[in-house]
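Position 5 of the sequence shown, counted from 1, bears residue number 1 in this note's numbering, the numbering being contiguous throughout. Shown next, in structure tokens, is the structure this report addresses.
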Amino acid sequence: MNNEDLYGLIVSAFAKFLAADLSVSRARYGLFGTWVATEDDAPVPSSESQLDRAFASCSVWLKKFPKSPNPYADLVNFYESGASLGRWENNILDIYGPDGEKLWGVPLRSLIESESNLR
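If you want it as structure tokens, here you go:
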């Protein structure tokens, strides 16, 4: 998977969170695989693995939002490649490749604008 593919998965996942009427704040946490719908039905306890969180959240999404595209499916593909997300700093999300090297930062504004491309 190349860098363009990885970028596309992150942008697509964020757009799908927004399309499901989740807030920008919740979508930001969702990118790390964290369950963001309601806290009382979180699929897994806190986990160190972004992939584990995304995988568990993926199956629950299908039950909670059957008519909405599943952002966690994109995140599972992203994390299975070995890539990972760093932290938000100054509204920029750090993305790391499978070798741990920082690839780039994605501005929050770009992610927010991505929802209009999903429609």
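We put the beta carbon where it would ideally sit given N, CA and C, even for glycine.
Output needed for residue i: all residues of its chain with C-beta closer than 7 Å, excluding positions within five of it in sequence on either side, in chain order.
i	result
W57	N66 and Y68
M(-3)	S77
S80	Q46 and Y92
E0	none
What residue range does the alpha helix (DSSP H) around residue i cover?
i	result
W57	Q46 to K60
K63	Counting along the chain, K63 falls outside any alpha helix (DSSP H), and DSSP gives it neither H nor E.
G4	N(-1) to A15
V102	Unbroken run through V102 is the beta strand (DSSP E), K98 to P103; no alpha helix (DSSP H).
V20	V20 to G26
In whole angstroms, what separates the C-alpha of residue i from that of residue j?
i	j	result
K12	N87	19 Å
F74	L27	10 Å
Assuming residue i is part of the beta strand (DSSP E), what are its boundary residues?
i	result
D90	I88 to Y92
S77	Premise fails: S77 is in no beta strand (DSSP E) and is neither H nor E.
Give me whichever residues DSSP pairs with residue i in a beta bridge.
i	result
S110	Looking at the DSSP assignment, S110 forms no beta bridge with any residue, so it has no partner.
W84	L89
Looking only at its chain, what residues have a beta carbon closer than 8 Å to the beta carbon of residue i, apart from the 5 residues adjacent to it on each side?
i	result
K98	G82, D90, I91 and Y92
L2	F74, S77, A79, I91, G93 and L99
Please list, in chain order, all residues of the same chain as residue i whose beta carbon is under 6 Å from its beta carbon, the five residues on each side excluded.
i	result
S64	A16
G101	I88 and D90
| task | Check whether the stretch 92 to 111 touches the stretch 43 to 53, counting contact only when three or more Cβ pairs, one atom from each stretch, lie closer than 8 Å. | result | no
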